[in-house]
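> In my numbering, the protein residues as written are 7 to 512. C-beta: ideal position from N, C-alpha, C; glycine also. Sending over a structure as structure tokens; questions will come in a sec.
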Amino acid sequence: MRQHLKTLSILSLVILLTPLISCKKLLEQEPKNSTYLEKFWKSASDARSALAGNYALLRNACTDKENRYYLYGDAIAKNYFTIQYTGDGLEGIQNGDFTFQYNLNSLANYTLYYKTIAMSNIVIANVSKMTNAQLKDTDDPAAFKNNIMGQAMFIRALSYFMMVRVWGDVPLVTTAYDDPITAPQLPRSSRADVMKQIETDCRSAINLLTWNYINIGDAKVTANKGSAYALLAHLYLWRATMSDVSQDTPNLTDVNNADTTITTLIQKGGYSQTDTANYKSTFVGRSSDGIFEINMSENTLEGSNSSIGTRFLSGAYINTYSNNPRFYVVPRYLSDQFGSNSKDIRFTKNFDLSNPERPICTKYSNVIYRNPGQKLDAYLSNNMIIFRLSDMKLLKAEIALYKNDAATATTVINEFRTRNNPNPTLVPNGLSVSRVMDEYIKERSKEMYLEGHLFFDLLRTRRYGNVVDWLTETRFRREGFYWPVDPALFRENPNLKQTTYWLGKV
Numbered sequence: 007m008r009q010h011l012k013t014l015s016i017l018s019l020v021i022l023l024t025p026l027i028s029c030k031k032l033l034e035q036e037p038k039n040s041t042y043l044e045k046f047w048k049s050a051s052d053a054r055s056a057l058a059g060n061y062a063l064l065r066n067a068c069t070d071k072e073n074r075y076y077l078y079g080d081a082i083a084k085n086y087f088t089i090q091y092t093g094d095g096l097e098g099i100q101n102g103d104f105t106f107q108y109n110l111n112s113l114a115n116y117t118l119y120y121k122t123i124a125m126s127n128i129v130i131a132n133v134s135k136m137t138n139a140q141l142k143d144t145d146d147p148a149a150f151k152n153n154i155m156g157q158a159m160f161i162r163a164l165s166y167f168m169m170v171r172v173w174g175d176v177p178l179v180t181t182a183y184d185d186p187i188t189a190p191q192l193p194r195s196s197r198a199d200v201m202k203q204i205e206t207d208c209r210s211a212i213n214l215l216t217w218n219y220i221n222i223g224d225a226k227v228t229a230n231k232g233s234a235y236a237l238l239a240h241l242y243l244w245r246a247t248m249s250d251v252s253q254d255t256p257n258l259t260d261v262n263n264a265d266t267t268i269t270t271l272i273q274k275g276g277y278s279q280t281d282t283a284n285y286k287s288t289f290v291g292r293s294s295d296g297i298f299e300i301n302m303s304e305n306t307l308e309g310s311n312s313s314i315g316t317r318f319l320s321g322a323y324i325n326t327y328s329n330n331p332r333f334y335v336v337p338r339y340l341s342d343q344f345g346s347n348s349k350d351i352r353f354t355k356n357f358d359l360s361n362p363e364r365p366i367c368t369k370y371s372n373v374i375y376r377n378p379g380q381k382l383d384a385y386l387s388n389n390m391i392i393f394r395l396s397d398m399k400l401l402k403a404e405i406a407l408y409k410n411d412a413a414t415a416t417t418v419i420n421e422f423r424t425r426n427n428p429n430p431t432l433v434p435n436g437l438s439v440s441r442v443m444d445e446y447i448k449e450r451s452k453e454m455y456l457e458g459h460l461f462f463d464l465l466r467t468r469r470y471g472n473v474v475d476w477l478t479e480t481r482f483r484r485e486g487f488y489w490p491v492d493p494a495l496f497r498e499n500p501n502l503k504q505t506t507y508w509l510g511k512v
């Protein structure tokens with residue numbers, strides 16, 4: 007841990023961030039270092055700039071190394087899409103082998119998440135000490151402080167949630183360290199402790215944040231009360247089903263907590279599912295369905311030329327691209343989930359079958375050329391959707407199944423099928439809980455395709471065997487779905503231990 011804490015201490019020594027020019031440029035800010043603490047944390051502008059840096063670090067952690075957020079959540083469930091070989095060994099993860107050198111040094115390294123967490127810790131520690139006089143450039147200093155601290159707590163909780171699903175036990179850091187010499191060498195904390203901290207941060211964020219946004223330009227791409235509720239709901243379901251993988255019975259206390267959390271979110275959040283006539287707008291971003299998104303919009307020149315969407319698109323979509331994209335959809339996924347003649351909007355709008363052997367995913371294909379005259383310098387203007395209302399509504403079916411209520415789950419699934427398909431194949435009434443769970447995971451795979459959730463859905467519901475052939479029940483019980491830790495992180499911290507399943511393998 008000492009090695010990456012030394013890296014983080016560059017941030018911790020005192021962050022001086024370029025002031026925000028506009029709220030629209032929220033994620034463009036990069037942290038700049040200063041050794042003069044007394045020159046910072048003196049105004050609301052300083053606090054806003056620090057928070058902007060926090061969001062920038064979160065985006066970098068999610069998009070680094072071939073869009074790691076999607077690789078952890080979708081790619082390793084290889085029967086959803088295929089990564090073609092390019093020499094770096096990335097495709098190895100789709101066979102359950104996380105030991106390729108590139109994967110160990112990149113995807114198995116969690117340093118970027120800790121940079122994000124370090125910034126959250128700094129924001130929380132320093133904004134809490136700011137005085138009303140220092141915040142005189144705000145209308146309501148108390149509300150301003152609550153808003154900034156609530157967002158930082160949400161970012162910290164989200165970062166830990168991403169890590170706990172990938173590595174299980176991870177070091178738990180909630181203190182802002184200003185001096186790398188005094189920063190402790192921390193061991194991995196138990197996942198139970200990490201999840202407890204996530205819950206605490208979510209509840210604190212809920213108490214500090216509001217349902218609305220101070221600036222309309224911040225809507226969806228900064229955290230509000232709804233963002234924290236959505237994260238808390240996912241945490242409860244993960245904890246209910248994944249705390250003890252030696253058995254398959256969910257913890258009903260956490261299941262019930264997830265249920266009430268989602269109910270509150272739906273009743274009070276003011277969200278609504280996007281009209282199917284505007285289906286594609288959901289994945290451009292800031293739709294009525296969106297709860298929390300990472301801004302990647304070209305409206306503020308923050309699009310991406312290396313997002314997950316570009317890895318699927320061919321020259322038919324982006325000028326100068328080849329006709330052989332690195333990623334392609336597994337044809338069997340489409341035939342199993344939709345059939346060959348489906349009118350489901352999620353089939354007709356999200357996939358291009360011009361090459362039936364290598365279908366293209368067009369879910370993220372809002373291409374903007376920065377040189378439009380020559381159609382050069384292409385960027386995708388699609389936000390990274392982390393949580394949305396449709397996700398929450400579907401989770402209600404999963405909750406019902408954990409309570410042995412197949413009828414309610416059937417109703418939820420059929421509502422989605424009717425909404426998205428003029429000629430739907432409905433789940434018949436009277437099926438067993440197990441059969442309805444199979445239908446549920448199929449519905450999740452249609453609704454949430456390439457949104458970073460599918461592998462984790464399969465783990466929670468124990469339906470991994472239907473999709474992920476390398477994950478046997480024996481390997482699952484041994485927690486072989488967790489990632490190893492990059493050996494480089496052990497060099498200066500003897501307190502770290504390798505993930506149990508990977509001992510002796512890396």
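Here's the rule I'm using: 16 or more other beta-carbon atoms within 10 Å means buried, otherwise exposed. How should residue 407 be labelled?
Its Cβ being crowded by 16 or more others within 10 Å, residue 407 is buried.
> So, using beta-carbon positions, are residue 330 and residue 322 closer together than 9 Å?
Taking 9 Å as the Cβ cut-off, residue 330 and residue 322 do not qualify as a contacting pair.
> Assign residue 32 to buried or exposed, taking buried as 16 or more other Cβ atoms, counted over all protein chains shown, within 10 Å of its Cβ.
Interpretation of residue 32 is limited by its pLDDT of 33, a score under 50 that renders its predicted location unreliable; the figure taken from the coordinates is listed afterwards. Counting Cβ neighbours within 10 Å, residue 32 comes out buried, since at least 16 surround it.
> In angstroms with no decimal places, state the Cα-to-Cα distance between residue 387 and residue 336.
Taking the straight line joining both Cα atoms gives about 25 Å.
> Could you give the distance in angstroms between the alpha-carbon of residue 459 and the alpha-carbon of residue 391?
Their Cα atoms are separated by approximately 11 Å.
> Which whole-angstrom value is the C-beta distance of residue 502 and residue 194, which I expect to be below 8 Å?
That belief holds up - the Cβ atoms of residue 502 and residue 194 are roughly 6 Å apart, short of 8 Å.
> Can you list, in chain order, the stretches of the alpha helix (DSSP H) that have 4 or more residues and sit fully within the stretch 466 to 508?
Counting whole runs of 4 or more residues, the stretch 466 to 508 contains the alpha helix (DSSP H) stretches 479 to 483.
> My assumption, with CB atoms under 8 Å, is that residue 476 sits in contact with residue 102. Please give the rounded CB distance.
Contact flag correct, Cβ pair sits at about 3 Å.
> Tell whether a beta-carbon distance below 9 Å holds between residue 490 and residue 505.
Yes.
> Are residue 63 and residue 125 closer than 9 Å when you measure CB to CB?
Yes, the Cβ-Cβ distance between residue 63 and residue 125 is below 9 Å.
> If distances are taken between C-alpha atoms only, which option among 55, 251, 352, 274 comes closest to residue 174?
Ranking 55, 251, 352, 274 by Cα distance to residue 174 puts 251 first.
> Pick from 140, 107, 154, 113: whose alpha carbon is nearest that of residue 130?
Per the Cα distances, 154.
> Taking the continuous alpha helix (DSSP H) assigned at residue 150, which residues delimit it?
Start and end: 147 to 173.
> Cα-Cα, which of 369, 443, 358, 309 is closest to residue 520?
Limits of the chain in this structure are 7 at one end and 512 at the other, which puts residue 520 out of reach.
> Check whether the stretch 396 to 412 touches the stretch 256 to 267, counting contact only when three or more Cβ pairs, one atom from each stretch, lie closer than 8 Å.
The stretch 396 to 412, when compared against the stretch 256 to 267, does touch it at the 8 Å Cβ threshold.
> By the 10 Å Cβ neighbour count, where 16 or more other Cβ atoms means buried, how is residue 157 classified, buried or exposed?
Buried is the call here.
> Give the DSSP bridge partners of residue 358, in chain order.
For residue 358, which the question treats as bridged, DSSP gives the partners 366.
> Helix, strand or coil for residue 404 per DSSP?
Three-state DSSP puts residue 404 in a helix.
> Reducing DSSP to helix, strand and coil, say where residue 296 ends up.
Strand.
> Buried or exposed: residue 226, going by 16 or more other Cβ atoms within 10 Å of its Cβ?
So residue 226 counts as buried.
> Tell me the rounded alpha-carbon separation between residue 347 and residue 356.
Their Cα atoms are separated by approximately 14 Å.
> How many Å lie between residue 442 and residue 471 at the Cα?
Rounded to whole angstroms, residue 442 to residue 471 spans 16 Å at the Cα level.
> Would you be able to state if there are at least three C-beta pairs under 8 Å between the stretch 313 to 321 and the stretch 409 to 420?
The stretch 409 to 420 vs the stretch 313 to 321: no contact.
> Indicate, with yes or no, if the ligand GTP has a heavy atom lying under 8 Å from the CB of residue 376.
Because no ligand of any kind appears in the structure shown, any question about the ligand GTP cannot be addressed here.
> Just checking, does the stretch 266 to 276 make contact with the stretch 350 to 367 on the three C-beta pairs under 8 Å criterion?
Taking 8 Å as the limit for Cβ pairs, the verdict is that the stretch 350 to 367 does not touch the stretch 266 to 276.
> Enumerate, from N- to C-terminal direction, the unbroken alpha helix (DSSP H) stretches of 4 or more residues contained entirely within the stretch 34 to 119.
Listed in chain order, they are 50 to 76, 107 to 111.
> How is residue 372 classed by DSSP in three states: helix, strand or coil?
DSSP places residue 372 in coil when its eight states are reduced to three.
> Under a Cβ-count criterion, where at least 16 other Cβ atoms within 10 Å of its own Cβ denotes burial, should residue 536 be classed as buried or exposed?
Given that the chain is displayed from residue 7 to residue 512, the structure contains no residue 536 and the question cannot be resolved.
> Reducing DSSP to helix, strand and coil, say where residue 383 ends up.
Looking at residue 383 - three-state DSSP - the assignment turns out to be strand.
> Could you check how far apart the C-beta atoms of residue 81 and residue 89 are, in whole angstroms? I think they sit under 8 Å.
That pair is a contact at about 6 Å.
> In or out: residue 232 buried (at least 16 other Cβ within 10 Å) or exposed?
Answer is buried; the Cβ neighbour count reaches 16.
> For the candidate residues 380, 326, 281, 299, whose alpha-carbon lies nearest to that of residue 426?
Closest option to residue 426, Cα to Cα, is 281.
> Taking three-plus beta-carbon pairs below 8 Å as touching, is the stretch 371 to 387 in contact with the stretch 242 to 250?
Result no; under three Cβ-Cβ pairs closer than 8 Å.
> In whole angstroms, what is the alpha-carbon distance linking residue 145 and residue 165?
Distance between the alpha carbons of residue 145 and residue 165 is about 31 Å.
> Ordered along the chain, which non-local residues of its own chain (more than five positions away) have a Cβ less than 7 Å from that of residue 424?
So the list reads 430, once near-sequence residues are dropped.
> Name the residue from 53, 292, 376, 474 whose alpha carbon lies nearest to the alpha carbon of residue 136.
Ranking the options by Cα distance to residue 136, first place goes to 53.
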